[in-house]
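Enquirer: I'd like to ask some things about the structure below.
In full-length UniProt numbering, the protein residues as written are 1 to 204.
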C-alpha cells in the first residue's frame with residue numbers, strides 16, 4: 001500500500017477521447033472531439049477508446065494549460081495501455097510498458113509486471129480493450145500544474161489459443177509528476193484481476 005496525492009472531490013469535467021489501435025502510437029484529440037480513427041487495416045477497431053476526464057484541481061488553470069495537461073497525461077496513459085495490454089500476441093516482453101515511468105517506479109513495476117500488464121495472459125492470440133477510463137485530479141499552484149493522480153478503470157478481453165476468452169481488469173491509481181512539460185508516472189496503487197485479485201503499489 002502506498003501513500004501519495006489523493007484527490008476525492010469531483011468537479012465539472014471535460015472528456016477527451018482517443019482511439020486505441022494495437023501497435024500504433026496514440027494521440028489525443030483536442031477539446032472534446034474524438035481523435036481521427038487509424039486508417040491502418042491491422043488496427044484493432046474493436047478496442048474501446050480511452051476516456052480521459054479531468055475531475056478536480058485544474059480550476060485555476062487556463063484553457064490552454066488544461067488542454068496541455070489532458071493531452072500529455074493522455075499520451076502517457078495511452079502508451080502504457082498499448083504496451084502493457086495490446087499489441088502483438090502471443091508475446092513475452094512487457095518491460096517496455098514502463099517507458100513513461102520514473103526510473104524508481106519502473107524498477108518497482110518490473111517486479112510487479114504480472115500486476116501491471118497482460119503478462120499473465122502472454123499466450124493469448126489477441127487482446128482487446130473493453131473499457132478504458134481515467135479520471136484525472138490535478139495538483140496545481142500559482143496557475144501551474146505540479147502533479148496529478150489518474151484513477152483508472154481498465155478492462156480487457158484476451159482470446160486464448162483454444163478460442164476461449166479471458167477477462168482482465170486493472171483498477172487503481174497512477175501518480176504522475178511534471179518536469180519541464182513532460183509527465184511521468186512516479187507511483188501506483190493498483191489491483192489486477194485476471195481471476196485472482198492481486199494488488200501492487202509503489203512510489204519512487
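Note that the Cβ used here is the ideal one computed from N, Cα and C, for glycine as well.
Roughly how many whole angstroms lie between the Cα atoms of residue 60 and residue 125?
Expert: Computed Cα separation, rounded: 47 Å.
Enquirer: Could you check where the beta strand (DSSP E) with residue 182 kicks off and where it finishes?
Expert: Start and end: 182-193.
Enquirer: Do residue 190 and residue 132 have their C-beta atoms closer together than 9 Å?
Expert: For residue 190 and residue 132, no; Cβs fall outside 9 Å.
Enquirer: Going residue by residue through the stretch 137-175, where are the continuous beta strand (DSSP E) segments of at least 3 residues, counting only ones entirely within it?
Expert: Correct list: 144-159.
Enquirer: Kindly list the residues whose CB is nearer than 6 Å to the CB of residue 98, restricted to its own chain and excluding five residues on each side of it in sequence; keep chain order.
Expert: Counting only Cβ-Cβ distances below 6 Å, and skipping sequence neighbours, we find 106 and 109.
Enquirer: Using only alpha-carbon positions, find the residue among 135, 153, 183 and 129 that is nearest to residue 49.
Expert: For residue 49, the nearest C-alpha among the options comes from 129.
Enquirer: Is DSSP giving residue 178 helix, strand or coil here?
Expert: Here residue 178 sits in strand by DSSP.
Enquirer: Beta-carbon within less than 8 Å of residue 160's beta-carbon, same chain only, minus the 5 sequence neighbours each way: which residues are those?
Expert: Cβ neighbours of residue 160 beyond the five flanking positions: 121, 123, 124, 125 and 166.
Enquirer: Out of 62, 187, 158 and 67, which has the shortest C-alpha to C-alpha gap to residue 52?
Expert: It is 67.
Enquirer: Below 9 Å between beta carbons: does that hold for residue 217 and residue 102?
Expert: With the chain covering 1 to 204 only, the question about residue 217 has no answer from this structure.
Enquirer: Taking 9 Å as the cut-off, decide whether the C-beta atoms of residue 77 and residue 152 are in contact.
Expert: Yes.
Enquirer: Does the distance between the C-beta of residue 122 and the nearest non-hydrogen atom of the ligand HEM fall short of 8 Å?
Expert: This structure simply doesn't include the ligand HEM, nor any ligand for that matter.
Enquirer: Taking residue 218 as the reference, give the member of 87, 149, 74 and 94 with the closest Cα.
Expert: The requested residue 218 does not occur in the structure, where the chain is confined to residues 1 to 204.
Enquirer: Alpha carbon to alpha carbon, what distance is there between residue 134 and residue 173?
Expert: Cα-Cα distance, rounded: 9 Å.
Enquirer: DSSP puts residue 131 in a beta bridge; with which residues?
Expert: Looking at the DSSP assignment, residue 131 forms a beta bridge with 155.
Enquirer: By the 10 Å Cβ neighbour count, where 16 or more other Cβ atoms means buried, how is residue 182 classified, buried or exposed?
Expert: Exposed.
Enquirer: Measure the alpha-carbon distance for residue 69 versus residue 94 and round it to whole angstroms.
Expert: So the alpha carbons of these two residues sit roughly 26 Å apart.
Enquirer: Rounded to a whole number of angstroms, what is the C-alpha to C-alpha distance between residue 169 and residue 192?
Expert: Going by the C-alpha atoms only, they are around 6 Å apart.
Enquirer: Under the rule that 16 or more other beta-carbon atoms within 10 Å means buried, what is residue 74, buried or exposed?
Expert: So residue 74 counts as buried.
Enquirer: Tell me residue 116's beta-bridge partners as DSSP assigns them.
Expert: Residue 116 pairs with nothing; no bridge assigned.
Enquirer: In whole angstroms, give me the CA-to-CA distance for residue 112 and residue 188.
Expert: Their Cα atoms are separated by approximately 11 Å.
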